[in-house]
Amino acid sequence: MLRPTKKVRIDQLLLRKGFASSRTKARTMVMAKTIYIGGRCIIKPGILVSPNSKIQEKKTEYSWVSRGGEKLFHALNYFSFIPSGKVCLDIGSSKGGFTDVLLHFNSKKVYSIDVGHRQIDEKIRKDKRVISLEKTNSRYLTKKDIPDPIDFIVCDVSFISIRKAIPAALELASPKAKLICLIKPQFELTKREIGKKGVIRDPVLHKKVCFEVTQWINSLEGWSTVGLIPSPILGSKGNKEFLLAAEYYK
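For what it's worth, numbering that gives the first Met the number 0 labels the leading residue of the sequence shown as 0, then goes sequentially.
What follows is the structure in structure tokens.
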């Protein structure tokens, strides 16, 4: 009599079959909802499946509420950062592209803040996991605004340097919190460096900004950068942008 085949975790099977280079990467693939078995999307990395399962990886093009979603989705997958079950903070939420991605990864709660108002997409506003804080300047955030310790911080701001936009938020981070920032060189340089048209094409200036922001993050107590990559798409006016990932070791 044949013994029944012992089932294994899907993240272990993805690693075993070469779909992922690590368990963490395998978990990210599952949480991104790209793994299918028998036509069914697998959404939990701990689910048990047959070791003989036929696995399909479907890299679906998602329709985020704004093009910013594509940038964060790329970063989460590249760095294997998983916001599932985490309390998150989206700085500069605007229409809610970054928040949309965090919800897609099953975040527990997302505080979406922006200095503007009536910008966030209705789909995002109606999600019960979202706490929309409009007319809120991230420079002055306190525990009164966000009483929860923040596990995951994302940032996409314009017309202000990251170095001014996120310090208050970082003070609200929980131990082992993670951070992903979209670096926009045109808002990190001086007016003289930017020039008249506002589009930065000089790779030397790109390198300068990335180095300075990375050094700044590393200078903050408890924070350490994990890596930095180019954004998969350009900014709305054609500027090259970068995605920086960091972790908090408190």
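Don't be surprised by glycine CBs; every beta carbon is placed ideally from N, CA and C.
Backbone secondary structure at residue i - three-state DSSP
i           : result
residue 161 : helix
residue 12  : helix
residue 220 : coil
residue 108 : strand
residue 246 : strand
residue 226 : strand
residue 198 : coil
residue 241 : strand
residue 232 : coil
residue 99  : helix
residue 4   : coil
Cβ-Cβ separation, residue j to residue i (assumed contact under 8 Å), whole Å
i           : j           : result
residue 150 : residue 249 : Not a contact, Cβ separation roughly 12 Å.
residue 90  : residue 131 : About 13 Å; that fails the 8 Å criterion.
residue 181 : residue 242 : 6 Å
Minimum C-alpha distance to residue i - residue among the options
i           : options             : result
residue 87  : 160, 11, 169 and 35 : 169
residue 32  : 22, 43 and 106      : 43
residue 160 : 68, 64, 143 and 211 : 211
residue 93  : 100, 133 and 172    : 133
Within-8 Å CB hit, residue i to chain B
i           : result
residue 222 : The chain inventory of the structure shown lacks chain B, comprising one protein chain alone.
ask   = Does the stretch 183-198 touch the stretch 234-247, meaning 3 or more C-beta pairs lie closer than 8 Å?
value = Between the stretch 234-247 and the stretch 183-198, the count of C-beta pairs closer than 8 Å reaches three or more; the two stretches touch.
query = With a cut-off of 8 Å, do at least 3 Cβ pairs link the stretch 42-60 to the stretch 1-18?
reply = As far as the Cβ criterion goes, the stretch 42-60 touches the stretch 1-18, which means the pair count is three or higher.
query = What are the uninterrupted segments assigned as alpha helix (DSSP H) that are 4 or more residues long and contained completely in the stretch 41-79, given in chain order?
reply = Counting only runs of 4 or more, we get 67-78.
query = Any chance the stretch 175-182 sits against the stretch 117-135, with 3 or more Cβ pairs inside 8 Å?
reply = They do not touch, by the three-pair rule.
task = List in chain order: all unbroken alpha helix (DSSP H) runs of 4+ residues lying wholly within the stretch 118-177.
result = Listed in chain order, the alpha helix (DSSP H) elements of length 4 or more contained wholly in the stretch 118-177 are 121-124, 161-164 and 166-169.
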